[in-house]
């Protein structure tokens, strides 16, 4: 925390009052003149060949403005990673909910009625819902271009893994499976499209608007300048709202109808047909010396893409290789496959494959520690990648206070005292209520170079008006994490004003800088550095202008807390507001424009992901304490402690909120959340049957501390906190459950039913995919 200024203070989010008063206009609040309302017509079969689509009855309904099918779209396949997207299904449907047609009308009720009149004749084809069945010879082929149903294959080898396993004193080998997880954001998917003067204007809550704009221009068959993205306030995303085909459906309808068209999902439609976190199955083998030193790792990962790919290809690659930059495994081989099934497509979610991988790795580290009779805290200390080292995959760790995090969380939690000395070995000992404590580590990135191949980094524009107004434009949207507040704090410190004086503008591709976006925990680090550069540029220009007006050398002009002074003493000091007014007078009302560009110290990794892909890496150590009711299988989280290295904490209040949110989200994933699929259909598309944690599920108190740290490549020494806050949570809880019960839970979620069956029947309830891998 800085000794003075705004950075380091727990400033409330500058937009919080508007949100609390209901004044923030999300996409569901936006009304454009003559706006139509649209409904998507979806497939009711999981796999089939489209023989005929008859929209004539729908088109005759009074109030219908337009009906769209694939015939209204360019015949092109596209997508963020794999060209397996269609705006609307053209020849085949591939999952229950696949978009076949859409109807726009004067109101939603009319659109919904007319949508029910669209006739779709589909020749049903055999479907496949299990990834290992999809990999088997003779399985139904979902995309002709991928006859083996593998959308993505990622392989990697570092060092001599075979020699590592030959030299090992201990080899652990096990299978872990993670579940589908609904993003459960507050605001369901919604978009508005308008076609104006040959330009598709899309109001879309995307937090990667520039890259999404590239995808949408390809899909619509127009140049980039013919697509404009306006980003309204975003009511949460966690990765689901990167890129979607819903805006493209709205664009087809708007162009055809000649009026703006909105598509707004209800919760059930959002939960049933949008893109959950992909389930993964991991086969992990770890080779270890008798002293607990890791020698090598071998991993195989199978993930479910669903019927087409969104951001899951990058997620599966992350799941294969990222743990090797947290721990020194010294050698590794990995293979990841992302498999098509006839189910709703999956996409990235907070943690981006890293959290999934650590669920198994952190439990196996505890198992190794137990088998070698080494303290689990000491086991981690011996094997982590440390500051100044380069990881197996080329990550240069410019700063790391992870050792301090491990020690601090151990002290905060009283880990050694709380931890059960020996978990029960037999069912007879598992009675009543048991308590256990578990530890896990996490890490992540602060931006990731390959996301936008054109460039990395960020840019910012400051507009300082003659009236003293200060407007900041960056290309990274706020998704609720407090990004605009932190940017305002940084700019305020540099310009000698308050954060309330800095108006951080919303994202509009017609005015905002093009940016990689808000993902990979990059917003504060990248946009923060660009904001500092823009503020420095503004100060240089103001000093130069004052020197010109005063007739002195620039070296004679001093800047102090937003006031310009002539050190020669011939001119009176001027406040920022006064000098901006004078600038406007001299320049006929022109505002002072300043800009900043930040080029981070990153390199584009090669095809095997080798290279320093991020300028900074955050770290965390978490401890969880659980209580297990052996009669019901119910698991309660009764204590939680987190120590984080996020460099300089720009805003402790928002940073703590990010950690608390990550803990709550991880608790839900660990113990209750699971998108239940049956024959390709989501069976729990609502918050009654898909339960997310409430306040009562959290421990009575959660202790969060940020260790004293400084990152040389971040703004004022800061690095990210958003995703690393989730990454250790699920593993820490699973390790605590083992410490309480002696049962190693390898499939998510660890639900009461699954726990009860394990406690009383002696066998874990595993997913079919995990069983196939085992």
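Numbering (our numbering), first residue to last: 12 to 785.
Ideal Cβ positions, reconstructed from N, Cα and C, are used throughout, including at glycine.
These numbers come from a predicted model, not from an experiment.
Burial state of residue i (16 or more Cβ within 10 Å)
| i | result |
| --- | --- |
| residue 548 | buried |
| residue 522 | exposed |
| residue 278 | exposed |
| residue 162 | buried |
| residue 73 | exposed |
| residue 27 | exposed |
| residue 375 | buried |
| residue 13 | Residue confidence for residue 13 is low, a pLDDT of 42 falling below 50, so the modelled location carries little weight and cannot support an answer. |
| residue 756 | buried |
| residue 687 | exposed |
| residue 353 | buried |
| residue 197 | exposed |
| residue 599 | exposed |
| residue 581 | exposed |
| residue 19 | buried |
| residue 475 | buried |
| residue 355 | buried |
| residue 773 | exposed |
Minimum C-alpha distance to residue i - residue among the options
| i | options | result |
| --- | --- | --- |
| residue 564 | 572, 573, 554, 571 | 554 |
| residue 786 | 234, 286, 275 | Limits of the chain in this structure are 12 at one end and 785 at the other, which puts residue 786 out of reach. |
| residue 500 | 291, 709, 664 | 664 |
| residue 660 | 626, 678, 720 | 720 |
| residue 526 | 432, 560, 471, 562 | 471 |
| residue 439 | 94, 753, 148 | 753 |
| residue 199 | 698, 324, 623 | 698 |
| residue 344 | 371, 488, 166, 487 | 166 |
| residue 539 | 397, 715, 496 | 496 |
| residue 447 | 677, 173, 646 | 646 |
| residue 609 | 242, 59, 41, 626 | 626 |
| residue 461 | 347, 365, 614, 320 | 614 |
| residue 88 | 101, 770, 80 | 101 |
| residue 658 | 700, 623, 155, 408 | 408 |
| residue 133 | 261, 111, 503, 633 | 111 |
| residue 704 | 152, 195, 181, 84 | 195 |
| residue 457 | 97, 399, 395, 530 | 530 |
| residue 118 | 251, 154, 42, 97 | 42 |
| residue 494 | 662, 373, 450 | 662 |
| residue 490 | 380, 414, 242, 268 | 242 |
Short Cβ contact (8 Å threshold) for residue i with residue j
| i | j | result |
| --- | --- | --- |
| residue 15 | residue 455 | no |
| residue 218 | residue 672 | no |
| residue 629 | residue 537 | no |
| residue 392 | residue 335 | no |
| residue 651 | residue 713 | yes |
| residue 654 | residue 420 | yes |
| residue 230 | residue 264 | no |
| residue 244 | residue 35 | yes |
| residue 595 | residue 604 | no |
| residue 306 | residue 175 | yes |
| residue 288 | residue 390 | no |
| residue 747 | residue 637 | yes |
| residue 333 | residue 365 | yes |
| residue 631 | residue 739 | yes |
| residue 696 | residue 282 | yes |
| residue 585 | residue 557 | yes |
| residue 423 | residue 716 | yes |
| residue 266 | residue 206 | yes |
Residue i - partner residues in DSSP beta bridges
| i | result |
| --- | --- |
| residue 166 | 346 |
| residue 652 | 634, 714 |
| residue 275 | 201 |
| residue 474 | 482, 604 |
| residue 48 | 116, 273 |
| residue 211 | 206, 238 |
| residue 575 | 570, 585 |
| residue 729 | 658 |
Which runs of the alpha helix (DSSP H), 4 residues or longer, sit entirely within the segment 593-642? none
Kindly provide the ranges of any alpha helix (DSSP H) runs that are 4 or more residues long and lie completely inside the segment 380-405, ordered along the chain. 387-394
With a floor of 3 residues, list each beta strand (DSSP E) that falls wholly inside the segment 395-465, ordered by position along the chain. Here the runs fully enclosed are 444-454.
Return the chain-ordered ranges of every beta strand (DSSP E) run that is complete within the segment 299-380 and spans a minimum of 3 residues. 305-317, 343-351
Whole runs of the alpha helix (DSSP H) within the segment 64-143, excluding any shorter than 4 residues: 67-70, 119-126
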